[in-house]
Amino acid sequence: MKDSVYRAPKGTRDLVWPDSERRRSFINLFAEIAGSSGYAEIVLPMFEHREVFQRLGDGTDVVRKEMYDFEDKGGRNIALRPEQTASIVRSYVENRPSLPWKVWYAGPNFRYERAQKGRFRQFDQVGLEALGPEDPHLDIEVIAIAWRFYEALGLRKVNLQLNSIGTSQDRVRYIEALSRYLENQKEFLSKESQDTFAVNPLRVLDSKRDEDVQVISEAPSILDHLSDGAQSHFNEVQEGLEKLAIPYIVKPTLVRGLDYYVKTTFEFTSESIDAAQDAIGGGGRYDGLAAEMGAPETPGVGFALGLDRTLMACDAEKSFPEPEHMLEIFVVDTTGGANALVITDELRQEGFKVDRSFDDRSMKAQMKAADKSGAKIAVIVGDDEVSNGVVTIRDLRGKGGQEEIASESMIADLRKKLR
RNA sequence: GUGGCCGUAGCUCAGCCCGGUUAGAGCACCUGUUUGUGGUACAGGAUGUCGGGGGUUCAAAUCCCCUCGGUCACCCCA
Numbered sequence: 012m013k014d015s016v017y018r019a020p021k022g023t024r025d026l027v028w029p030d031s032e033r034r035r036s037f038i039n040l041f042a043e044i045a046g047s048s049g050y051a052e053i054v055l056p057m058f059e060h061r062e063v064f065q066r067l068g069d070g071t072d073v074v075r076k077e078m079y080d081f082e083d084k085g086g087r088n089i090a091l092r093p094e095q096t097a098s099i100v101r102s103y104v105e106n107r108p109s110l111p112w113k114v115w116y117a118g119p120n121f122r123y124e125r126a127q128k129g130r131f132r133q134f135d136q137v138g139l140e141a142l143g144p145e146d147p148h149l150d151i152e153v154i155a156i157a158w159r160f161y162e163a164l165g166l167r168k169v170n171l172q173l174n175s176i177g178t179s180q181d182r183v184r185y186i187e188a189l190s191r192y193l194e195n196q197k198e199f200l201s202k203e204s205q206d207t208f209a210v211n212p213l214r215v216l217d218s219k220r221d222e223d224v225q226v227i228s229e230a231p232s233i234l235d236h237l238s239d240g241a242q243s244h245f246n247e248v249q250e251g252l253e254k255l256a257i258p259y260i261v262k263p264t265l266v267r268g269l270d271y272y273v274k275t276t277f278e279f280t281s282e283s284i285d286a287a288q289d290a291i292g293g294g295g296r297y298d299g300l301a302a303e304m305g306a307p308e309t310p311g312v313g314f315a316l317g318l319d320r321t322l323m324a325c326d327a328e329k330s331f332p333e334p335e336h337m338l339e340i341f342v343v344d345t346t347g348g349a350n351a352l353v354i355t356d357e358l359r360q361e362g363f364k365v366d367r368s369f370d371d372r373s374m375k376a377q378m379k380a381a382d383k384s385g386a387k388i389a390v391i392v393g394d395d396e397v398s399n400g401v402v403t404i405r406d407l408r409g410k411g412g413q414e415e416i417a418s419e420s421m422i423a424d425l426r427k428k429l430r
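Residues in the first sequence are numbered consecutively from 12, following my numbering.
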């Protein structure tokens, strides 16, 4: 194996064609859908002052063990962003755009954790956030955009899990009730969950360990602790989803890993992913976050979708296929390359996707390269063509017929064949 | 942070248990069969610090120890 220094660091990898192009198409499709819903792109810094992400919650794993942080040369505590919602709210607090403020984003996030299938230290997300309205219609819009995006990708086996975790006051009351219950059941909990309980009782509900399942299933439900306002908000969200025919299941134990959520939380999972990591997207409402960062109370709601995991689901469902070819035309020149130089440039200026060989290789080698390139047509120039003022146009896809075309009509002919 | 599995040619892997001829296969690559013509076939060719270090031995890809890396899972999340 190569020296371990000259390889991508743990949890990162190179995306080369066709994966790189598929990623770009994915983001383009998302941009189209978000853009046509009134969301504008925002490009954020990839790192922030660590305190920005501290807002995700001191008891969360993201803050406690997954923060990719360091001190810069100026002595500042910097963290690579583990997600973008906090950055967006920071940007809102800093720039105070007029409301409602609807933005979408795409780009890498960073979490320092052990990589596994569908989990990387650098991973791409697309997402959007809407700040201002408290209206449950906005929750519905946000969920619907994600849902329509999955549909546009061709995904069929996506499940929407929905919950409300109430207002922060509701949650305080709920956590009291939950803690009382868990305290009594403590001996039946796994050791890990007992530790979790001490740090953040809510997160015990997330445990998938067999010992905990029974205790969790009989635990008090957050849905029994919602205030009237939160309850009617939740009801409206559900009614709206039904109006849009978006199927969902209410999952009272869905608390999500970040502390800033209130009221609506949701998560998308894929049934088709063959890996432990099947959550392909998630989000919720965070009405208190802007105020925590020093702005007036400003409600917000949004989601983020994992690009890699979503594409894993696409692979499994054979949807959103990778591109097949990059090229249309391959220029073969047996006169030393000078003709290829001019012809490829000319064709490229005309908008064709064109490549050629270098190093004056044999015609056979050039034809092989033409075939491998996936191009549909070879434009062949040899001494005969040059002296007759023609080029040979050869079909690379079908049986391989070819014809000579006068150089002047080459572009018109190729346009006819390819467009 | 914890555990399982795996590191041999550019890629996928065999060989390792039972140490011993020049370390193999397929794919990919290059050349030719083809006096300008790819995709099929055939013939030939190039390619390896057997992840790294140490140890045992007359002899290590093969046995032992350490280490680095990858991968999957737990935790948790996208």
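Ideal Cβ positions, reconstructed from N, Cα and C, are used throughout, including at glycine.
For F314, DSSP records a beta bridge to L139 and G294. With fewer than 16 other beta carbons inside 10 angstroms of its own, G85 counts as exposed.
Inter-residue distance for L318 and S420 is about 45 Å (C-alpha atoms, whole angstroms). Contact check for F314 and A157: beta-carbon distance about 5 Å, within the 8 Å limit, so the pair qualifies.
Across the structure, D285 and Q249 are spaced so that their CA atoms are roughly 30 Å apart. Rounded to the nearest angstrom, the Cβ distance from G292 to L316 is 4 Å, consistent with a contact under 8 Å. DSSP places D344 inside the beta strand (DSSP E), whose first and last residues are I340 to D344. In this structure, A90 sits away from P111, with a CB-CB distance that is not shorter than 9 Å. Counted as a single uninterrupted DSSP element, the alpha helix (DSSP H) harbouring Y192 occupies residues S179 to Q196.
Put simply, the backbone Cα of D221 is about 42 Å away from that of I53. Unbroken alpha helix (DSSP H) runs of no fewer than 4 residues, entirely contained in the region 42-91, are found at 61-65 and 72-75, following chain order.
DSSP places D424 in the uninterrupted alpha helix (DSSP H) bounded by M421 to L429. Residue burial is scored here from C-beta neighbours: H148 has fewer than 16 other C-beta atoms within 10 angstroms and is therefore classed as exposed.
Cβ neighbours of Q65 within its own chain (closer than 7 Å, five residues either side excluded): V74. For Q288, the secondary structure class from DSSP, reduced to helix, strand or coil, is coil.
Taking the CA atoms as reference points, P29 sits about 11 Å from S36. Ranked by Cα distance from P212, the first of G118, P334 and D270 is D270. A direct Cα-Cα distance of roughly 21 Å separates F279 from I227.
Contact between the region 331-342 and the region 365-372 is present: 3 or more CB-CB pairs across the two stretches fall below 8 Å. Per DSSP, the continuous beta strand (DSSP E) segment holding I416 begins and ends at Q413 to A417. F208 has its alpha-carbon roughly 14 Å from the corresponding atom of K219.
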